[in-house]
Each structure stands twice: as C-alpha cells, then as structure tokens.
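Residue numbers (this note's numbering), protein chains in the order written: chain A, 275 to 543; chain B, 275 to 543.
Data first, discussion second: the structure below is written as structure tokens.
Number of protein chains: 2
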Amino acid sequence: MMTPLPKPPEGPPGPVAPGPAASRRIPEATVIRLPVYQRILEELVRSGTTTVSSELLASLARVNAAKVRKDLSLLGSFGTRGAGYDAAFLVEQIDRALGLDRDWPVVIVGIGNLGRALANSQGFSARGFRVVALFDTDSHVVGERVGALAVRHLDELADVAAQDRPTIGVVATPAGAAQDVADRLVGVGIRSLLNFAPRVLTVPGDVLLRYVDLSIELQVMSFYQARLATSASAPPGEATVEEGDGGVTDPARADMPMIRSVGLTSKGS
Amino acid sequence: MMTPLPKPPEGPPGPVAPGPAASRRIPEATVIRLPVYQRILEELVRSGTTTVSSELLASLARVNAAKVRKDLSLLGSFGTRGAGYDAAFLVEQIDRALGLDRDWPVVIVGIGNLGRALANSQGFSARGFRVVALFDTDSHVVGERVGALAVRHLDELADVAAQDRPTIGVVATPAGAAQDVADRLVGVGIRSLLNFAPRVLTVPGDVLLRYVDLSIELQVMSFYQARLATSASAPPGEATVEEGDGGVTDPARADMPMIRSVGLTSKGS
DNA sequence: TCGTGTGAACCATTTCACAGCT
DNA sequence: AGCTGTGAAATGGTTCACACGA
C-alpha cells in the first residue's frame, strides 16, 4: 500500500476561481462520503502523496472505485485520465463543495468533557469552522480557559451573537438542558444546530437541526457482532456475509455492510 | 402531540424467550434507524407513554410512518392494529434485534476529554454495553478515577483481556497513537474496534472496524448551509429544496434531506 | 374506525462496462 | 497502457395504497 506515485498533473485554472463548480446537484449519499474522502486525502497529502487513483482512495475509504469516481465527477472533472487525481487539489475542491471555503463561526454550549473534546478537536477548528465562543452555566466552569478561549456564561450569548454572528450552535449539554439551550440559540438567530445531547429537540421549521449520537455506532457494532456470534454456531441461512468470491483481488468487495451512523435531521416543531 | 393513548396491548409470549426473532434479514438502513427509534421510545417510556403509533414515532424521528412500520415489522409483528405499539415492549424487542440483550464488555483507550465523555456517557454504560476498563499511557492520567473505574496503564491490557474478555475496543487517542493502540487491541484478541481518532487504521481482515468522526455532521451541515446561502440570492435552478406541496399536513415531507453521518466500515488490511 | 403489516410502484444509489483522454 | 468520466443495468431502499385485524 502507498506505492510511489507518478508525476503530479498540472491542475486546472488558476487559484480558487469563483467559477463553474458548486453547480451540479450532489446526492445526499455523496455529501456524506465527501468528508470521508477529505480526511483520507489530507492524510495522504501530509504523508507526501501527490497523486491518488480512484482505486487507492476507494480502498482506503473501503468503497467501490467507481463510486469514488462518480462522486468526484459530480464536483467537476478534476482527474487526469491515465494518471489519477492531484490530492491537494482535490482537497481544495471538496472543501469548496462542502462550503468549507467559507467561514462558519461556531459556538459550543456545554463545556463538559464532550464540549472540551469538541472545542479542541481538529475538525471543529480547521478549515471552514471557527469556534468563536464556549458557553456554560456552571460557575465552576465559567471563566476557565479551554484552548484559546475563556468559557463564558450562557447569559452572554446575545452579546456574542451580536458581535460574531455565529451560524452554527453546538449543543453538548446534559439532556435536561438541551431544549432550553436550543431555544436560546434559536432565539439569538442561529439557524443551524448540532445536537450531541441524548434528547429529541423541537425547533422552528426554518432551523436546520442534526443529531450526533456517540453510541449509535456502538449499537450498530453490537448488531453485527451479535449476528456473527449467532451465525457462527448456526450455519442455516447464513446471516450477514455475502457470497464472497474468495478473491482478495478486489479490496472493495462487500464484506460486512458499510454503515453510516447517527442521523435524523429536523426542521419542524 | 403526545395525546392520551388507549390501553397497552398484551405482549407476545412470556419474557425474553430465546425464540423466533433475530431471524429475518435486516437491511443496513434499518439497522441504523433502530437506535434512533430506541432513544425516542425510551424518552416516551420515561415520560409515561405506554402506546405509540407509527405516526408519532415517525414524526419524532422525522421519517415517514410507512418506513417506521416496515422497519419494525422486520423485527416481528409487535404492533396492535388499530392501537399502535407498546412502547416498553418495543424497546425490549429493538434491544434484542440489536444484540443489546447480551453483555458486551468494552474497553476505552485514551482517557482525554473524549474518552472521559464516552466513559461517562449513557449509551456506553447502558443496556448491552459495560465499560470494564479505561486505559491511557500518560502517567498523569493513569491511576485517576473516572466514574467508577480507575484508569490503568495500557500495558495492563493483556491482564484485562484475560480477565474480562472484552469484545469491543474504543480508540479515543490522538491520531498519532491510534494505529499502535489498534494493533495492541487486536493483539489481545479484540475483534471489534470503534475508532474516534482522526486516522485511517489498518487491521486484519477478520476485525470489524468502524469510525466515528465528530465533525462529519458539522461538514454536512456546512454543505446544506452553503447551499441555502447561495440559493437565497441566486434563484436560478433552485438548489436543495424539493417541490414542496405546501401542505403542512404531512410532518414527514422531505424538507431538507435527512442525513446519516460518519462512516466507513472496514475489514481488511 | 383506526392503525398495522405488506405487496407493488417508485425512486435513489451502486455497480458495471467501456469510450475517451493522456 | 492506464485511469477517468459516464451512460446503462442492477440493486437496494422508500413510499404508496390498501387489505386485514383489533
């Protein structure tokens, strides 16, 4: 794996032209995979790779190579036939497609362990996202420094909203506080909420709401593990594993279904 | 919402019979939604609800009611025509389907903020899962108590493996340590890994590997937010919103596509 | 009458297979 | 010769619509 790669092709136009991209309709399934490709590409770039083939990217992402090509071709024709894709350029293009070439000020409410983890996480402070404020209501926490920011009291939310115009609010509070926090965030004009609290929230119809459940993957894992355990002793019917052709040639064969996680978006009350 | 409901129907057989369930083939998409229903049902049960209709459950999960019925019917015929489903009973059945009626000992490696959050999280210590050990290599952290457990040094992994036979290993370390930790976990016989570290891992073919990326949802949110922002000023072509029929009657209409997150399962090297 | 359970129609996504560029 | 980009076929998932049972 990670073979020496050929020459990096000369990319399209100049820098990030405001141009033609961001146009085609990108299917949901693709949108979900783009961040996955992103992460892999970033790692490849960091490790010095300049050119990637759909085959390599696919095997690292554990998907079919044709899928990778189709996904990427939705963003434009960025590959070089016969050679592959320029990794760094691809990262840039995916950034654009995901809207990560803009600035999304984020506030995080609930600075417990999870809130801190999020505040310090790569993904939350990297390209596109900028954590502008951390809030809590616990007086033991308010005032504390986390990374470069001091935790503020949630009552200051309105000030921050007026100042920094955050577009995304992250709810990382205990379940009991989540709805109230969501109401406050919506109250100051934030129209995108990412909820980590284990609670179903109600928001106005024009608010984009997404949930992240840290244990869903664990539960999905339990499901497949249970199937394996069961089918191990009882062959009748064969449960999960598909008709493996035995050949290890194609790394993208369907071993165990590939699972997304989490979910339910919301818009209504 | 949440109207007074009729009488709870008398459930099937006795207690959790080893019986007939766990048989039908459950599609991946359904497996992902089951934990979502679970959480909602648990909340409903806690708030005193005894019976739920597919309609109510669907609107809380923001999916189509037919989908809920189809999903649930895959587990068996648990509903009562004309009445709905017994909420508590459903929770039990979904538990069974997900394999949460068994015991899955879990170890968490990397007791930073994320590891602590996971160790303390509902989902990780509730039904099915049992965190049996926390590991780190930082001498400042080793020995510290987190919840009911003391953090142990990763070198003690083999002892714990022999003693508690953990089936799931959670990697919550920094990216740089992730591969080594994964190797160690696999080395002591753990065949299911849940990786929170931002790093693509390589494991033997018979190991079930799943990734959770806390920022994927954020990125997906960025995508839709960007589309909204763009299409707000430029009507040509209309970007994301489907042909809304205007009627607010059906709560499950497709406003903004519903997104899962995260991803890529793995099995190979 | 109401709400489940489910065949059948519909729609989205995946995969194949190959033409076309480098 | 190699690898992308993409129609077309195959698959899988969703939604409809209605028969059936409580």
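Built from N, CA and C at the ideal position, the CB exists for glycine as well.
Query: Proximity to residue 315 of chain B [Cα-Cα], best of B/365, B/435, B/301; Result: B/365
Query: Stretch-stretch touch, CB-based, cutoff 8 Å, three pairs: the segment 352-366 of chain B with the segment 315-328 of chain B; Result: yes
Query: Partner residues on chain B for residue 309 of chain A, Cβ-Cβ distance less than 8 Å; Result: 487, 489, 490, 493, 494
Query: Distance between beta carbons of residue 309 of chain B and residue 396 of chain A, contact taken as under 8 Å; Result: Their Cβ separation, rounded to whole angstroms, is 26 Å, which puts residue 396 of chain A and residue 309 of chain B out of contact at 8 Å.
Query: Pick from A/403, A/453, A/343 that is closest to residue 377 of chain A, judged by C-alpha positions; Result: A/403
Query: Delimiting residues of the beta strand (DSSP E) encompassing residue 387 of chain B; Result: No beta strand (DSSP E) holds residue 387 of chain B; the alpha helix (DSSP H) holding it covers 387-394.
Query: For residue 447 of chain B: DSSP bridge partner residues; Result: Paired residue(s): none; residue 447 of chain B is not in a bridge.
Query: Cutoff 8 Å: residue 534 of chain A Cβ touching any chain B Cβ; Result: With a pLDDT of 33 at residue 534 of chain A, under the threshold of 50, the predicted position of this residue should be treated as unreliable, though the coordinate-derived value follows. Chain B, which has a Cβ nearer than 8 Å to the Cβ of residue 534 of chain A, makes this yes.
Query: Residue 349 of chain A classed as buried or exposed, judged by whether at least 16 other C-beta atoms fall within 10 angstroms; Result: buried
Query: Residue interval of the beta strand (DSSP E) (run including residue 410 of chain A); Result: 403-410
Query: One or two residues paired with residue 424 of chain B in a DSSP bridge; Result: B/419
Query: Assumed close pair residue 445 of chain A, residue 435 of chain A - CB separation to whole angstroms, cut-off 8 Å; Result: That pair is no contact at about 15 Å.
Query: Contact between the segment 436-443 of chain B and the segment 411-419 of chain B (3+ Cβ pairs under 8 Å); Result: no
Query: Closer than 8 Å to chain A by CB, residue 402 of chain B; Result: yes
Query: Neighbour flag for residue 329 of chain A against chain B, beta carbons, 8 Å; Result: no
Query: Nearest-angstrom Cα separation, counted from residue 449 of chain A out to residue 339 of chain A; Result: 41 Å
Query: Contacts that residue 474 of chain A makes with chain B (C-beta to C-beta distance below 9 Å); Result: 313, 314, 317, 334, 335
Query: Chain A within 8 Å of residue 396 of chain B, Cβ atoms only; Result: yes
Query: Per DSSP, the bridge partner or partners of residue 484 of chain B; Result: B/468
Query: Interface flag, residue 347 of chain A vs chain B, CB-CB below 8 Å; Result: no
Query: Extent of the continuous beta strand (DSSP E) run through residue 438 of chain A; Result: Looking at the DSSP string, residue 438 of chain A is not in any beta strand (DSSP E); the run it does join, the alpha helix (DSSP H), is 431-438.
Query: According to DSSP, residues forming a beta bridge with residue 359 of chain B; Result: B/326, B/353
Query: Within 8 Å, strictly: CB atoms of residue 498 of chain B and residue 482 of chain A; Result: yes
Query: Short CB-CB distance (under 8 Å) between residue 359 of chain B and chain A; Result: no
Query: Extent of the continuous beta strand (DSSP E) to which residue 382 of chain A belongs; Result: 378-383
Query: Buried or exposed by the 16-neighbour rule on C-beta atoms within 10 Å, applied to residue 351 of chain A; Result: exposed
Query: Chain-ordered chain B contacts of residue 352 of chain A [CB-CB under 9 Å]; Result: Per Cβ cutoff of 9 Å: no residues; residue 352 of chain A is ~18 Å from chain B at best.
Query: Within 7 Å of chain A by C-beta, residues of the segment 362-380 of chain B in sequence order; Result: 372, 373, 374, 376, 378
Query: Chain B contact residues for residue 392 of chain A, given Cβ-Cβ distances below 7 Å; Result: 488
Query: Proximity test, Cβ basis, 8 Å: residue 325 of chain B and chain A; Result: no
Query: 8 Å Cβ shell around residue 418 of chain A - same chain, five flanking residues per side excluded; Result: 385, 424, 425
Query: Residue 334 of chain B and residue 455 of chain A closer than 8 Å at C-beta; Result: no
Query: Neighbouring residues, chain B, relative to residue 544 of chain A (Cβ below 7 Å); Result: This structure cannot settle anything about residue 544 of chain A, because the visible part of chain A is limited to 275 through 543.
Query: From B/489, B/357, B/484, residue whose alpha carbon lies closest to that of residue 465 of chain B; Result: B/484
Query: Check whether residue 300 of chain B and residue 371 of chain B have beta carbons under 8 Å apart; Result: yes
Query: Burial state of residue 440 of chain A (16 or more Cβ within 10 Å); Result: buried
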